[in-house]
Amino acid sequence: MTQSMFETFRTPVMYVSNQAVLSLYASGCNTSIVIDSGDVMKKISSEISKKLAYVALDFETEMQTSASSIAFEKPYVLPDGQLITIGKELFRCPEALSQPSFLGMRSDGIHKTTYNSIMKCDVGISKDLYYNIVLSGGSTMFPGIADHMFKKLTALAPSATRVKIVSPPKSKYSVSVGGSILASLSTFQQMWNMKKEVHQSSILTFSANYFVNSELFYFFL
């Protein structure tokens, strides 16, 4: 990407930043752990998720209740006019964030991943991290996800640890907002990567440093 921007599109300068760092700028927190979750999905699935889906505070209880009640069922009109009824899928779908096994994945849920990340940090900042857990990205906009995360992490955290979930109302835009804040800082002008200063060998090094296990956000002029 770096080489393409400089050589193909001839942009004079560029800057690449980690999305989680930009979400941190948007949250206004100095020290926090960012959960950046979101990905591309089919349009119809996205529309249903945004309008109807939610995260259950207690998944097992919600499943039991939904099995004996139609109150959980919601109607949805497809683009072709067909009416469908959606029930427990409304909370089973987002539950995959906490239980990836629903999707056949062998990995920890976002609450356990967050806990493991904090536990790997220096003990001196763990309390600050527990108290500043920032949600970012489209998948963190499901109603109930903040309360769900609070409950799960409070159960995992050491006793007497204060847990706070920072859930911006428009968290799917946090990266863009943070990028705007960063770009408006006077010090940002010194952070641009100049085309004339980046040679072929350093382009490869630059790309390798950023493209390993990172979600990126690009700034161009």
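Mapped onto this note's numbering, the consecutive letters of the sequence shown carry residue numbers 342 to 562. Using N, Cα and C, we set each Cβ at its ideal position, and we do this for glycine too.
- DSSP, reduced to helix, strand and coil, places Lys511 outside both helices and strands of the structure shown, so it counts as coil.
- Relative to Val507, the option among Leu431, Ser407 and Leu365 whose CA is nearest is Leu365.
- In the displayed model, Tyr471 falls within a helix according to three-state DSSP.
- Taking the Cβ atoms as the reference, Val475 lies roughly 11 Å from Val362, outside the contact range of under 8 Å.
- With a 10 Å radius around the Cβ and a threshold of 16 neighbouring Cβ atoms, Ile425 comes out exposed.
- Put simply, of Gly520, Gly479 and Gln530 the residue whose alpha carbon is nearest the alpha carbon of Gly379 is Gly479.
- Taking C-beta atoms as the reference points, Ser448 and Thr455 fail to come closer than 9 Å.
- Between the C-alpha atoms of Phe400 and Ile451 there is a straight-line separation of about 15 Å.
- Excluding its 5 nearest sequence neighbours in each direction, Pro416 has C-beta neighbours in its own chain below 7 Å: Leu424 and Thr426, listed in chain order.
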